[in-house]
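Asks:
Numbering (my numbering), first residue to last: 876 to 1176.
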């Protein structure tokens, strides 16, 4: 194969909250770079994941789930999602095939009607439905928009992922390798580490807290023995939330730290000493400067 035959391009992943966008990208990359949670609207920034083979390089952009914003952070999330539709080679529209088409799906379909970019409908969670139900759902969506391709998958189980990657490669133009072949994301390690900590906090805390949680990694330093010392702060908006995150006698915070440390060690390939603090930053989701300080920026790629 000559250098001229190599294909590359950007692919945006869009869908309403909790349809499996992050699960899909982590499965493709073979490593966790995007936060996964059963609580909706947990992806806040576009996460660029890089999938490289001998024939192509795909740069995936995982967007926040489309929802009606209620604060400045929510508005930022929606701006990020809309911006990723520009100048990409293809759009993956992920839907949860185990649920009926909803208002969120309809809203996205209306938004997609104005784009000329090839749109690939990805029906996720096929492991949860009968084949007859899958066929019914395909017909429902085909009536809504003339999709370039329709591919059923299970991101969790990995079913049909290879087929979807083949389809995507067919839409890529000839182009350069934008990132080194061993790179899987363009985000700095600090950001990924903060997301791994936030994921564990989301998983372990109650429904009341999740969207009020932000994480800032303040220090990452490796010593002479190869141990990486990570210091991070978990921000919440109210004193009551701080108590919930810390837990009785610090039990909750300790558990968050233990789970996060295992993922961070897998990411960095080194032993990690993780120190966590919890601080109250009242109404931080409506403070643009503070949101930017946590790494949630909406720059164009």
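Note that CB positions come from ideal geometry on N, CA and C, so glycine has one too.
Please return the same chain residues whose Cβ sits closer than 6 angstroms to the Cβ of residue 1054, not counting the five positions on each side in sequence.
Replies: As a first step, residue 1054 must be located in the chain shown, where it is residue number 179. So the qualifying residues of the chain are 925.
Asks: Using alpha carbons as the reference points, say which of 892, 1153, 1072, 1104 lies closest to residue 979.
Replies: As a working mapping, residue 979 is identified with position 104 in the chain shown. Considering only alpha carbons, the answer is 892.
Asks: Out of 1120, 1051, 1097, state which residue places its alpha-carbon closest to the alpha-carbon of residue 1078.
Replies: Your numbering for residue 1078 matches position 203 in the chain shown. Among 1120, 1051, 1097, the Cα nearest to that of residue 1078 is on 1120.
Asks: Which first and last residues belong to the alpha helix (DSSP H) in which residue 1008 is found?
Replies: As a working note, residue 1008 is residue 133 in the chain shown. Start and end: 1006-1017.
Asks: Which class does residue 882 belong to by DSSP, given the choice of helix, strand or coil?
Replies: In the chain shown, the residue the question calls residue 882 occupies position 7. Of the three classes helix, strand and coil, the one that applies to residue 882 here is strand, per DSSP.
Asks: Three or more beta-carbon pairs under 8 angstroms between the region 1054-1074 and the region 1002-1009, yes or no?
Replies: The region 1054-1074 vs the region 1002-1009: no contact.
Asks: Just the C-alpha distance for residue 911 and residue 896, rounded to the nearest angstrom, thanks.
Replies: Indexing the chain shown from 1 puts residue 911 at position 36. Indexing the chain shown from 1 puts residue 896 at position 21. Since pLDDT at residue 911 reaches only 48, below the 50 mark, its modelled position is unreliable, and the value read off the structure follows with that caveat. For residue 911 and residue 896, the distance between alpha carbons rounds to 9 angstroms.
Asks: Using a 10 Å radius around the Cβ and a threshold of 16 neighbouring Cβ atoms, would you call residue 1148 buried or exposed?
Replies: Looking up residue 1148 in the chain shown gives position 273. Residue 1148 comes out exposed.
Asks: The alpha helix (DSSP H) with residue 1087 in it runs from where to where?
Replies: Counted from its first residue, the chain shown places residue 1087 at position 212. Per DSSP, residue 1087 belongs to no alpha helix (DSSP H) and is neither H nor E.
Asks: Residue 1039 and residue 1025: beta carbons closer than 8 angstroms?
Replies: Here residue 1039 corresponds to residue number 164 of the chain shown, with the count starting at 1. Here residue 1025 corresponds to residue number 150 of the chain shown, with the count starting at 1. No, they are not a contact pair.
Asks: Quick one: what does DSSP say residue 1135 is sitting in, helix, strand or coil?
Replies: As a working mapping, residue 1135 is identified with position 260 in the chain shown. In this structure, residue 1135 counts as helix in the three-state DSSP scheme.
Asks: With H, G and I counted as helix, E and B as strand and the rest as coil, what does DSSP make of residue 1071?
Replies: Indexing the chain shown from 1 puts residue 1071 at position 196. Reduced to three states, the DSSP call for residue 1071 is helix.
Asks: DSSP three-state call for residue 984: helix, strand or coil?
Replies: For the purposes of this step, residue 984 is taken as the residue at position 109 of the chain shown. Of the three classes helix, strand and coil, the one that applies to residue 984 here is helix, per DSSP.
Asks: Excluding the five sequence neighbours on either side, which residues of its own chain have a C-beta within less than 8 angstroms of the C-beta of residue 874, listed in chain order?
Replies: In this structure the chain extends from 876 to 1176, so residue 874 is not present and cannot be described.
Asks: At what residues does the beta strand (DSSP E) containing residue 995 begin and finish?
Replies: Here residue 995 corresponds to residue number 120 of the chain shown, with the count starting at 1. It spans 994-999 - the beta strand (DSSP E) in which residue 995 sits, taken as one unbroken run.
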